[in-house]
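Enquirer: Numbering of the sequence shown is given in my numbering, commencing with residue 1 and proceeding in unit increments. Even for Gly, the Cβ is constructed at its ideal location relative to N, Cα and C.
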Amino acid sequence: MPPGSAIGRESGFSAEQIAWLEAAFSPLAHRPFVGVAPDGRLTSDPAAAPANLAEPGVFGTPRSDLSKPERWKLDENPLDIWDKLVAHAESDRFPDEADAFRFKYHGLFYVAPAQDSFMLRLRIPAGEISSDQLHGLTDLAEDLGDGCLHVTTRANLQVREFRPKSIVQVLTSLQELGLTSRGAGADNVRNITATPTSGFDPAEFIDVRPFAKGLHHYILNQRDLYGLPRKFNVAFESGGAIEAAADTNDIGFVACRIAAAGARDAPPPGVYFRVQVGGITGHKDFARDTGLLIRPDEAVAVAAAMIRVFSEHGDRTDRKKARLKYLLERWGLERFVAEAERRLASPLRRWPLAQCERPRAAAKHGWIGITRQSQPGLNAIGVRLPAGRLSGRQAHGLADAAGRFGKGEVRLTVWQNLLLPHVADAHLDEALRAVHKLGLATEARNDTGGIIACTGRMGCKYAAADTKAHAAALGKALLKTPEPDHPVNIHFTGCPHSCAQHYCGDIGLVGAKLADGAEGYHVVVGGGLGAEQGIAREIFRGVRADEVNELIVRILERYRRRHAVGETFAQWSRRHSVGELQTIFSD
Numbered sequence: 001m002p003p004g005s006a007i008g009r010e011s012g013f014s015a016e017q018i019a020w021l022e023a024a025f026s027p028l029a030h031r032p033f034v035g036v037a038p039d040g041r042l043t044s045d046p047a048a049a050p051a052n053l054a055e056p057g058v059f060g061t062p063r064s065d066l067s068k069p070e071r072w073k074l075d076e077n078p079l080d081i082w083d084k085l086v087a088h089a090e091s092d093r094f095p096d097e098a099d100a101f102r103f104k105y106h107g108l109f110y111v112a113p114a115q116d117s118f119m120l121r122l123r124i125p126a127g128e129i130s131s132d133q134l135h136g137l138t139d140l141a142e143d144l145g146d147g148c149l150h151v152t153t154r155a156n157l158q159v160r161e162f163r164p165k166s167i168v169q170v171l172t173s174l175q176e177l178g179l180t181s182r183g184a185g186a187d188n189v190r191n192i193t194a195t196p197t198s199g200f201d202p203a204e205f206i207d208v209r210p211f212a213k214g215l216h217h218y219i220l221n222q223r224d225l226y227g228l229p230r231k232f233n234v235a236f237e238s239g240g241a242i243e244a245a246a247d248t249n250d251i252g253f254v255a256c257r258i259a260a261a262g263a264r265d266a267p268p269p270g271v272y273f274r275v276q277v278g279g280i281t282g283h284k285d286f287a288r289d290t291g292l293l294i295r296p297d298e299a300v301a302v303a304a305a306m307i308r309v310f311s312e313h314g315d316r317t318d319r320k321k322a323r324l325k326y327l328l329e330r331w332g333l334e335r336f337v338a339e340a341e342r343r344l345a346s347p348l349r350r351w352p353l354a355q356c357e358r359p360r361a362a363a364k365h366g367w368i369g370i371t372r373q374s375q376p377g378l379n380a381i382g383v384r385l386p387a388g389r390l391s392g393r394q395a396h397g398l399a400d401a402a403g404r405f406g407k408g409e410v411r412l413t414v415w416q417n418l419l420l421p422h423v424a425d426a427h428l429d430e431a432l433r434a435v436h437k438l439g440l441a442t443e444a445r446n447d448t449g450g451i452i453a454c455t456g457r458m459g460c461k462y463a464a465a466d467t468k469a470h471a472a473a474l475g476k477a478l479l480k481t482p483e484p485d486h487p488v489n490i491h492f493t494g495c496p497h498s499c500a501q502h503y504c505g506d507i508g509l510v511g512a513k514l515a516d517g518a519e520g521y522h523v524v525v526g527g528g529l530g531a532e533q534g535i536a537r538e539i540f541r542g543v544r545a546d547e548v549n550e551l552i553v554r555i556l557e558r559y560r561r562r563h564a565v566g567e568t569f570a571q572w573s574r575r576h577s578v579g580e581l582q583t584i585f586s587d
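1) How many angstroms separate the CA atom of residue 570 from the CA atom of residue 560?
2) Apply the 10 Å Cβ neighbour rule to residue 255 and answer buried if 16 or more other Cβ atoms are within range, or exposed otherwise.
3) Any idea what DSSP makes of residue 142, helix, strand or coil?
4) What's the call for residue 583, buried or exposed, on a 16-neighbour Cβ count within 10 Å?
5) For chain B, find out if any of its Cβ atoms is closer than 9 angstroms to the Cβ of residue 173; answer yes or no.
6) For my contact list, residue 277 and residue 315 are in at a C-beta cut-off of 8 angstroms; report their separation, rounded to the angstrom.
7) Can you find the residues in the same chain that come closer than 7 angstroms, C-beta to C-beta, to residue 487, ignoring five residues on each side of it along the sequence?
8) Determine, using beta carbons only, whether residue 529 and residue 245 come nearer to each other than 9 angstroms.
9) Find the nearest neighbour of residue 291 within the set 257, 348 and 562, judged by alpha-carbon distance.
10) Can you give the Cα-Cα distance for residue 218 and residue 69, rounded to whole angstroms?
11) On the DSSP bridge list, what partners appear for residue 110?
12) On the three-state DSSP scale, how would you describe residue 344?
13) With a 10 Å radius around its C-beta and 16 neighbouring C-beta atoms as the bar for buried, classify residue 332 as buried or exposed.
14) Identify the continuous beta strand (DSSP E) that holds residue 421 and give its terminal residues.
15) Measuring only the C-alpha atoms, how far is residue 527 from residue 534?
16) Just the C-alpha distance for residue 67 and residue 465, rounded to the nearest angstrom, thanks.
17) Excluding the 5 residues flanking residue 121 on each side, which residues of the same chain have their C-beta closer than 7 angstroms to its C-beta?
18) Enumerate, from N- to C-terminal direction, the unbroken beta strand (DSSP E) stretches of 3 or more residues contained entirely within the stretch 280 to 310.
19) What residue does the alpha helix (DSSP H) around residue 205 start on, and which one ends it?
20) Using the Cβ count rule (16 or more neighbours within 10 Å means buried), how would you classify residue 297?
21) When you compare the CB positions of residue 187 and residue 84, do they come within less than 9 angstroms of one another, or not?
22) Measure how close the beta-carbons of residue 196 and residue 419 come, nearest whole angstrom, since I'm counting them as under 8 angstroms.
23) Given this structure, state the Cα-to-Cα distance separating residue 567 from residue 574, to the nearest angstrom.
24) Which whole-angstrom value describes the C-beta separation of residue 140 and residue 170, a residue pair presumed to lie in contact below a C-beta threshold of 8 angstroms?
25) Are the stretch 232 to 245 and the stretch 191 to 208 in contact at 8 angstroms, needing three or more beta carbon pairs?
26) How far does the beta strand (DSSP E) with residue 165 in it reach, from first residue to last?
27) Mapping the DSSP letters down to three states, classify residue 493 as helix, strand or coil.
28) Just list the alpha helix (DSSP H) runs in the stretch 400 to 468, keeping only unbroken ones of 4 residues or longer that don't cross its boundaries, in chain order.
29) Which of helix, strand or coil does DSSP assign to residue 476?
30) I want to know whether the stretch 123 to 142 touches the stretch 410 to 417 - three or more CB-CB distances under 8 angstroms.
31) If we count the other Cβ atoms within 10 Å of its Cβ and call it buried at 16 or more, is residue 172 buried or exposed?
32) Helix, strand or coil, according to DSSP, for residue 192 in the structure here?
33) Would you check if there are 3 or more beta carbon pairs closer than 8 angstroms linking the stretch 455 to 465 to the stretch 110 to 120?
34) Going by beta carbon distance, what residues of the same chain come within less than 7 angstroms of residue 374, once the five residues before and after it are set aside?
35) So, under 8 angstroms CB-CB, residue 302 and residue 275 are touching, yes? Tell me the CB distance rounded to an integer number of Å.
36) Starting from the Cα of residue 359, find the closest Cα among 272, 213 and 501 and give me that residue.
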């Protein structure tokens, strides 16, 4: 056998046969197979092979054209890095840039330089969590993190400020609680949201939780639904009294009703979903109705088909153009729907929106206070959480209250608060007292009940302002002023990513670093969701953070004095030009 032979005698070949095989295949050892040349020949010459075979890529985009995060995903699938997570925990070591991105697939965010620590983002479909799970998460935060739970604008929870050495313990503890953070960050479908009063709302058309949870579990078990061009949001609206902000999502399923049989081709009477696509309010766009009217049991399949179309055809070269909105702009709505439909077992129904019974307008600030449930004698208590933050004591206390006075269930909302449902009339007063003893409110003024804030500079490297602190300070300042007679939403967001959706607030503030290095905000007014849908207009730029309270107080004071009877802030501000508003608010 020749020296260096790769074929041993234990193979069963004779020496002569071994020599012949090595002579025949040795050229391939030095010239690896590349692919099929345009003329049909097998070739090992990269120059002669088609570009998509000569260079690895993603869905036809060659590696050299991919954005940096796409190359990281191509080099190493973030779902397959458990050993790396263990190694970082054992050495108490933070990840480099590429691995920091991959760790987000497991809900782990290295948030330096804002904090030299990790943040964990969960997946809580439909915002529904048990009291036992809430206790367990609070224990986790107290043992390993900052001792608090943070409610997000996707009806979700975050645990913050833990060291690399704790990441495996955090993830395994989460799984033992029956929770997950898989796919909670980076280029994945984010937490599936739903109307928080689903299942007990007297106004709802349908309980949407089974469909939100069904999509959640389908995604968790389909590897091809991870690693999208960018993040992707899905929401389900039941038609209930509290909005889930479906029109700000990449896909929104909005319940409607066909009340009676009509023309021969009309759908049977019943409850359906209207399908909306393309919402991304940070880019000043709401989701648009597709014309589709689908049965609720079709929702998971339709969502999966649309996500797959986006995954295969979304832009993987420019992160700024990688959201679904931009694929819709390139293709048009009809082509996108047709591509999704091609992946389904049967054609989808189109039906005019005007011939559907649509949900009534949601109750603005309906997430605060006492709501009568559809079940006789039961109530849901909406608890206001200043800036979405819960101390350990408060979280344990609310979990206790949910178990003692309800059915051990807590609902999170996209408005950064929570509900304690299923409280019997006989226990309502006692439950309210228990919440109030925690220092939390179950009622709110029209100017403070709708203040929300993103994580801000203290916990996010992108934020230019400490939104949580400024939102809390504004809430205190407004308590000293007369209250407007209509609810007003005020949204603080730290950067143009718009996690707190500043363009959708009656008043929105987006953080900005001023020329002298001070924190400041650009101020927009006149936004709204649902029945008040509209993108806010910018009226002031570069307002110093320490001047924001005075400005907001003045804006609300002018609204109180000048609006017509019954006129909301959105209606009043929209009938004025930007120049007129600047004059009104500056005088």
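Expert: Considering the structure as presented:
1) Here the question's residue 570 lines up with position 570 in the sequence shown. Here the question's residue 560 lines up with position 560 in the sequence shown. Going by the C-alpha atoms only, they are around 13 angstroms apart.
2) Along the sequence shown, read from residue 1 onward, the residue named residue 255 stands at position 255. Taking all protein chains in view, the Cβ of residue 255 is crowded by 16 or more other Cβ atoms within 10 Å, so the residue is classified as buried.
3) For this step, residue 142 is matched to residue 142 along the sequence shown. Three-state result, residue 142: helix.
4) On the sequence shown, residue 583 is found 583 positions in, with the first residue counted as 1. Label assigned to residue 583: exposed.
5) Absent from the structure is chain B; it holds one protein chain and no more.
6) Looking up residue 277 in the sequence shown gives position 277. Looking up residue 315 in the sequence shown gives position 315. No, residue 277 and residue 315 are not in contact; Cβ-Cβ is about 16 angstroms, not under 8 angstroms.
7) Within the sequence shown, residue 487 is the residue found at index 487, counting from 1. Excluding residues within five positions, the ones whose Cβ falls inside 7 angstroms are 364, 365, 446, 449 and 450.
8) Walking along the sequence shown from the start, residue 529 turns up at place 529. Walking along the sequence shown from the start, residue 245 turns up at place 245. Yes, the Cβ-Cβ distance between residue 529 and residue 245 is below 9 angstroms.
9) Against the sequence shown, residue 291 aligns to sequence position 291. Across the set 257, 348 and 562, the C-alpha of 348 shows the shortest separation from the C-alpha of residue 291.
10) As a first step, residue 218 must be located in the sequence shown, where it is residue number 218. As a first step, residue 69 must be located in the sequence shown, where it is residue number 69. A direct Cα-to-Cα measurement between residue 218 and residue 69 gives close to 25 angstroms.
11) As a first step, residue 110 is located in the sequence shown; it is residue number 110 there, counting from the start. Its beta-bridge partners are 118.
12) Sequence index remark: in the sequence shown, residue 344 carries index 344 (1-based). Residue 344 falls in the coil class under three-state DSSP.
13) For the purposes of this step, residue 332 is identified with residue 332 of the sequence shown, where counting begins at 1. It is exposed - the Cβ of residue 332 has fewer than 16 other Cβ atoms within 10 Å.
14) Stepping through the sequence shown from its first residue, residue 421 is reached at position 421. Per DSSP, residue 421 belongs to the beta strand (DSSP E) from 418 to 424.
15) Taking the sequence shown and counting its residues from 1, the one referred to as residue 527 is at position 527. Taking the sequence shown and counting its residues from 1, the one referred to as residue 534 is at position 534. Straight-line Cα distance between these residues: approximately 5 angstroms.
16) Stepping through the sequence shown from its first residue, residue 67 is reached at position 67. Stepping through the sequence shown from its first residue, residue 465 is reached at position 465. Linking residue 67 to residue 465 through their CA atoms gives a straight-line distance of about 28 angstroms.
17) Indexing the sequence shown from 1 puts residue 121 at position 121. Take residue 121, set aside five residues on each side of it, and the residues of its chain with a beta-carbon closer than 7 angstroms to its own are 107, 109, 156, 158, 181, 184 and 185, in chain order.
18) Counting only runs of 3 or more, we get 288 to 294.
19) Counting from one through the sequence shown, the residue named residue 205 turns up at place 205. Note, residue 205: premise wrong, no alpha helix (DSSP H); not H, not E.
20) Translated into the one-based positions of the sequence shown, residue 297 becomes position 297. Taking all protein chains shown into account, residue 297 has fewer than 16 neighbouring C-beta atoms within 10 Å of its C-beta and is therefore exposed.
21) Taking the first residue of the sequence shown as 1, we reach residue 187 at position 187. Taking the first residue of the sequence shown as 1, we reach residue 84 at position 84. Contact annotation: residue 187 and residue 84 have beta-carbon atoms that are not nearer than 9 angstroms.
22) Mapped onto the sequence shown, residue 196 falls at position 196. Mapped onto the sequence shown, residue 419 falls at position 419. Cβ-Cβ separation between residue 196 and residue 419: approximately 6 angstroms, consistent with a contact (criterion under 8 angstroms).
23) Locating residue 567 in the sequence shown gives position 567, counting from the first residue. Locating residue 574 in the sequence shown gives position 574, counting from the first residue. Taking the straight line joining both Cα atoms gives about 11 angstroms.
24) The residue given as residue 140 occupies position 140 in the sequence shown. The residue given as residue 170 occupies position 170 in the sequence shown. Contact holds; Cβ gap of about 7 angstroms.
25) Yes, since at least three Cβ pairs between the stretch 232 to 245 and the stretch 191 to 208 fall closer than 8 angstroms, the two stretches touch.
26) Position 165 of the sequence shown, counted from the first residue, corresponds to residue 165. Premise fails: residue 165 is in no beta strand (DSSP E) and is neither H nor E.
27) The residue given as residue 493 occupies position 493 in the sequence shown. Strand.
28) Runs found: 428 to 437.
29) The residue you call residue 476 lines up with position 476 of the sequence shown. Of the three classes helix, strand and coil, the one that applies to residue 476 here is helix, per DSSP.
30) Short answer: they touch.
31) The residue given as residue 172 occupies position 172 in the sequence shown. Exposed, since its Cβ has fewer than 16 Cβ neighbours within 10 Å.
32) As a working mapping, residue 192 is identified with position 192 in the sequence shown. DSSP, read as helix, strand or coil, puts residue 192 in coil.
33) Because the criterion of three Cβ pairs below 8 angstroms is met, the stretch 455 to 465 and the stretch 110 to 120 touch.
34) What you label residue 374 is simply residue 374 of the sequence shown in a count that begins at 1. The beta carbon of residue 374 lies closer than 7 angstroms to those of 200, 201 and 202 in the same chain, with the five residues before and after it left out.
35) Here residue 302 refers to the residue found at position 302 when the sequence shown is read from its first residue. Here residue 275 refers to the residue found at position 275 when the sequence shown is read from its first residue. Yes, residue 302 and residue 275 are in contact; Cβ-Cβ is about 6 angstroms, under 8 angstroms.
36) Within the sequence shown, the letter at position 359 stands for residue 359. With distances taken between Cα atoms, residue 359 lies closest to 272.
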